[in-house]
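Residue numbers (our numbering), protein chains in the order written: chain A, 2 to 383; chain B, 371 to 680. Idealized CB from N, CA, C, for every residue including glycine. These numbers were taken from a predicted model, which means no experiment stands behind them.
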Amino acid sequence: MFDHAAGSDAVTDSPRIRCAVLSAVKHDYVARGIAAHPRFELVVVADDPQVPEWAHQRNQQLADEFAIPYVRDVGSALREFDIRVAIVSSEAERHCDLSTRAALAGVHIVQDKPLSTMRSEVERLTAAIRKSNVRFMMWNRNAIPALIQARNQIASGSIGQISSLHMDFYFAKDAGPPIGTRRPDDPPLDWLTYQIAAHRDGSDGGLGSTAVGELTNEGIYPLACLRMLTGRPVRRVFARSTAHFHQINADNHVEDLASLTLEFEGGILGSVTIGRIGSASMQSVGEIKLRVLGSEGALTIDEALPVVSLFARTQPPHEPQQRRIANDNDFLLAQDFYESITMHRPSMLDIDDSRETFLTVEAACESCRSGRTVDIRTRDDN
Amino acid sequence: MIRLAIRGISEEQERQVAVRLHNVDVVSLPHLRRTDPPAHCDAVAFCGSEIATRTLIRNCLTGGMHVLYAAEQCLSADDVEILSRTAETCGLQFRLINPDRFLPSRQLIRSQIDSGRFGSIGLVRSHRWESAECRPHLEQELPSALIRDLDLTSWYFSAAPEVVYAVSTSDRFAAGLAEEPALQNADTSEFIQVHLGFADGGMALLDYSNQLPSGAGYQFLSVIGASGVAYCDDQRNKQLLFHGGAPQGIVCDEGSRGLADLVQWFVNSLRTGDPTAATATDWSAAFDLAKTVRASLESRCSITPRGVTL
């Protein structure tokens, strides 16, 4: 058991777990979250040599901040730095390739979301992890205090057996100019160019050559939460999506708003609404709510709580006014991953559950295209 | 001055509404039996939790009274058609309106949409959870509260959906079981979820449940537009009562203004003789949508309003 009070080496005299950051070109919060945990240590940043120069610059920046080397050779870094954990935060389209290479090298993996943009890559990674028997965790929000509170309430039986559960997952950030603002003679906005520029304010979650909509990119968060609370896979989905807010999404034919009806194994029903709905929609990060109906009662959970509200005359317009306190998600995820390694057990969002959420998102996207319900079991068998 | 009887609300509510009305003399009939039409009135409004039979409403019309039906319990499509014809024969007004449209919160949202502040509507999300006392009438297509929410959603989009998908935990919608006698006495607690797709990408997710333990219910409504959003959440609109143990949440209701506005609107429409205000035709869209929802529940498929299975 980890003993905070006794200090970082109180548990054993074993050295900290050495980690390689395999590409930090998107968000670096995963690497920082792991680095902040006393049992992990970043020792190298690595990436493939052929990535663009802007990617090398970002990798080098992180390496410089942590005073560690940046190596333009993933294989060498995994071999030569005695790495036990790879932290993958590349563009989504490279997630699985980097993770697969780490798995085949016998290295445990913490990966940013989404799992991938391609089913074939998901299957390749799944096979590699099963073959190598390494631990995998996709970064998630299941350790947010309000969701832990929800989980505990459900586990205590206070609302009986779950019959349905619903999550709203909206980000209040903008993603470039509003829809309808491009002049007819102007070319469509280029996805990658926009995402590179958006790195400045952290709204580059869709970084990559392949455009990814909000359902594809962020859907793992609410779906992983519902998976955690039900313990069951989704079997059937009906979904709708649209580009409703942002010109970049409309120009690249990917959604910024989606809604899902979910049918879980065992008859539990659910729904998710998700979107990047713009800074006009909320005075802080966004509206994230969970509602659960059970046989003996119900829960309504505001994921942000507890918060402190801050207002000041000199406050910048886009600064969040509701500040979360007691958010220990990063530490608890890192702790869970540490225990998954040392106790040889699955992480709180391992490859099997991650693959399930990917299949749900994939089925939802198909439903959006066809207007029909999609049976996930049938797709998985195929 | 129009003499008006209001059925389905308490004496205190009647008093609160009456003091707000212009050109209306509210006729108080505290001892009137539920089955008797009021006498000496020009009009009668059925509101609140009133469950008015077709016979009672028809007797009001044949007794020479205009009728506003704005109760929580929806009339059936057949009743609406028969009563509309009765009103026409009698030369009287029979107005149907979803009372939720007049709630201050719903009116505020509508005004934001009408002003253009929200831009085009992208998503309407609604939860309505009631306690176990609110059992559905099995002869109805759907629970009345859900039909009202479907109407409200269509009102906000100013359009009917182009595709409907619905799911439920209830046995009564399973194909082939609609006439099953055993279900007439079965436990009718249920959860129904309706997913709507509109042209131009708009969408709605509505759910209804009567599975809560005895006590207060829960409502949530959000309307998300391209340039603005409204959130109306019971969770936020609660005061706290501390009387030992965990604090108790006290819901802040929306008061009597909405009902007063609704009744005033009805009275004004009688005075102006507006033939288009809240006629049976408006409700036919809600009934049609309820039928499509029912068809989706029974078939477990997504369906267009024309009945095409996707």
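Let me know if residue i comes out buried or exposed under the rule of 16 or more other beta-carbons within 10 Å of its beta-carbon.
i	result
T243 (chain A)	buried
W525 (chain B)	buried
K132 (chain A)	exposed
L667 (chain B)	buried
E288 (chain A)	buried
A156 (chain A)	exposed
N580 (chain B)	buried
A483 (chain B)	Correcting the residue identity first, residue 483 (chain B) is Ile in this sequence and not Ala. I483 (chain B) should be labelled buried.
N468 (chain B)	buried
T459 (chain B)	exposed
E381 (chain B)	exposed
V678 (chain B)	exposed
H497 (chain B)	buried
S90 (chain A)	buried
D577 (chain B)	buried
F170 (chain A)	buried
L291 (chain A)	buried
List, in order along the chain, the chain A residues whose C-beta lies closer than 8 Å to that of residue i?
i	result
Q563 (chain B)	S165, T262, L270, S272
S597 (chain B)	P179, G279, A281
P583 (chain B)	E297, G298
Y601 (chain B)	E288
Helix or strand or just coil, what does DSSP make of residue i?
i	result
S398 (chain B)	coil
M344 (chain A)	coil
Q463 (chain B)	coil
H247 (chain A)	strand
P408 (chain B)	coil
D186 (chain A)	coil
E511 (chain B)	coil
H436 (chain B)	strand
T674 (chain B)	coil
M138 (chain A)	strand
V633 (chain B)	helix
Going along chain B in order, which residues have a C-beta closer than 8 Å to the C-beta of residue i?
i	result
D303 (chain A)	Q605
A151 (chain A)	Near A151 (chain A) there are no residues of chain B at all, since even the closest Cβ is about 13 Å away, more than 8 Å.
Counting only Cβ pairs nearer than 9 Å, list the residues of chain A close to residue i.
i	result
C671 (chain B)	R373, T374
Near residue i, which residues of its chain fall below 7 Å by C-beta distance, leaving aside the five closest residues on each side in sequence?
i	result
Q634 (chain B)	L391, H392
P178 (chain A)	Q248
I130 (chain A)	A104, F137, I352
R324 (chain A)	V308, V309, L311
S368 (chain A)	V238, F239, A240, T374, V375
M2 (chain A)	A caution first: M2 (chain A) carries a pLDDT of 35, below 50, which makes its placement in the model unreliable, though a value can still be read off. Here the set comprises nothing.
A106 (chain A)	L79
R476 (chain B)	D470, L522
Between which residues of its own chain and residue i is the CB-CB distance below 6 Å, once the five residues before and five after are set aside?
i	result
R664 (chain B)	E511
P146 (chain A)	A327
A64 (chain A)	V46, Y71
I479 (chain B)	V593, A600
T182 (chain A)	Q248
L575 (chain B)	R495, H565
M229 (chain A)	N143
Do residue i and residue j have their CB atoms nearer than 9 Å?
i	j	result
G298 (chain A)	L582 (chain B)	yes
T211 (chain A)	E94 (chain A)	yes
R362 (chain B)	D395 (chain B)	With chain B covering only 371 through 680, there is no way to say anything about residue 362 (chain B).
T217 (chain A)	P115 (chain A)	yes
S260 (chain A)	I275 (chain A)	yes
L493 (chain B)	L466 (chain B)	no
A530 (chain B)	A660 (chain B)	no
P223 (chain A)	M168 (chain A)	yes
R80 (chain A)	E42 (chain A)	no
Report the neighbours of residue i on chain A: residues whose CB is nearer than 7 Å to its CB, in chain order.
i	result
G571 (chain B)	T243, H245
L680 (chain B)	G372, R373
Y588 (chain B)	A299, T301
V537 (chain B)	T262, E264, L270
What residues of chain B sit near residue i, judged by a beta carbon separation below 7 Å?
i	result
E124 (chain A)	Going along chain B, no residue has its Cβ under 7 Å from E124 (chain A), so there is no contact; the nearest lies around 29 Å.
R292 (chain A)	H497
Between which residues of its own chain and residue i is the CB-CB distance below 8 Å, once the five residues before and five after are set aside?
i	result
Q322 (chain A)	Q284, S285, S310, L311, F312, Q316
P407 (chain B)	V414, L426, N429, C430, G433, M435
R346 (chain A)	E340
R236 (chain A)	E264, F265, E266, D376, I377, R378
D658 (chain B)	A530, P675
Sorry if obvious, but does the Cβ on residue i come closer than 8 Å to a heavy atom of the ligand GDP?
i	result
T432 (chain B)	No copy of the ligand GDP appears in this structure; indeed no ligand is present at all.
Could you name the residues of chain B that residue i contacts, counting a contact when the two beta carbons are closer than 9 Å?
i	result
L258 (chain A)	G492, L493, G571, M573, I594
G312 (chain A)	Gly is not the amino acid found at residue 312 (chain A); the sequence shown has Phe there. By Cβ distance, chain B contributes nothing, its closest Cβ being about 18 Å from F312 (chain A), past 9 Å.
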